[in-house]
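So for the sequence shown, our numbering puts the first residue at 56; every next one is plus one.
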Amino acid sequence: MGERNLIEVAYVGNQAHKLNSRWDANDCSVADSLACVPSAVRWSQYPFVLFSTNDGNSNYHALVAKFHRQFSRGFSFLANYTWSKSLSNSMESGGAGTLVQRAACRRCDKGLAAYNVPQRFVVSLVWDLPFGQGQRFLSNINPVLDHILGGWAVSTITTFSQGNSFEVNSPNVTSAIFSDFRADRLCDGRKSLSNRDLRKKRPLLDRLKLLSNSRQWILWQLGIWDTLRTWSQQLGHRNRKKHHRS
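Take a look at the structure:
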């Protein structure tokens, strides 16, 4: 792409094993049904029995693309795009998520991670202002004034990002406690109006089933659009900066 252009395309992935996984071993779930079966409760004298193991798993896969162009007269342009997916069946770091919903079907909790952000695009521009000694303008300026007027750069970073995953919870209509009771999934649920997260005519509603048919974190929050502008000046080995965010 020439001396001034750089394009990089890469795959990034990782897997994690032996993550924390917790569930109520005394719930009423069974492997082949969503029904709450009272006879499935192992120790009826205890309302809750916490099991905690290190058999949780997660994985991350991403396509990462970068384009960098160095223009003349101090301009540079950098763009990064990430398309990714994170799956997990374990407790999220930072306390996100609760216990496994069905102890009899722990694999049913495998789904999107709470920190999953499917798409992210970041663009940055940098312009070294042509003022001061050795520059296009004021190249013969007094050294004292050069410390004031020279060495300035203007940069901006703009981020477009899809929102994090979230889930819709429902009331607990079983005898189990401290579990993650999710609302039943009646439709796709991701189609949105211009000012709403969910369609009012086709929401995800709790159908009063005992256990949910929905996986974790199946919807996405609203995305972000953030711009940071920076004015910086090089003073010896130190930078003086001013920031403006919108």
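Every residue gets a Cβ at the ideal spot worked out from N, C-alpha and C, and that includes glycine.
Under the rule that 16 or more other beta-carbon atoms within 10 Å means buried, what is residue 158, buried or exposed? buried
Which residue's Cα is closest to the Cα of residue 278: 272, 218 and 285? 218
Residue interval of the beta strand (DSSP E) (run including residue 62): 60-79
Examine the Cβ distances between the region 162-176 and the region 186-205 and report whether three or more of them are shorter than 8 Å. no
Alpha helix (DSSP H) segment containing residue 201, residue limits: Counting along the chain, the alpha helix (DSSP H) containing residue 201 begins and ends at 198-204.
Using DSSP with H/G/I as helix, E/B as strand and the rest coil, what is residue 164? helix
Whole angstroms is fine: what's the gap from residue 181's alpha carbon to residue 168's? For residue 181 and residue 168, the distance between alpha carbons rounds to 35 Å.
Residue nearest to residue 86 in terms of C-alpha spacing, selected from 160, 209 and 216: 160
CA-to-CA distance, residue 77 to residue 155, given in whole angstroms: 6 Å
Over the uninterrupted beta strand (DSSP E) stretch that includes residue 117, give me the two end residues. Its beta strand (DSSP E) spans residues 105-125.
For residue 86, the three-state DSSP class (helix, strand or coil): coil
Is it true that the CB of residue 112 sits closer than 9 Å to the CB of residue 74? Yes, the Cβ-Cβ distance between residue 74 and residue 112 is below 9 Å.
How about residue 211 and residue 133: do their beta carbons lie closer than 9 Å? no
Taking 6 Å as the limit between beta carbons, can you name the residues of its chain near residue 122, skipping five residues before and five after? 62 and 134
Which residues bound the beta strand (DSSP E) around residue 178? 174-183
Among the residues of its own chain, which have a CB less than 6 Å from the CB of residue 97, if the five just before and after it don't count? 81
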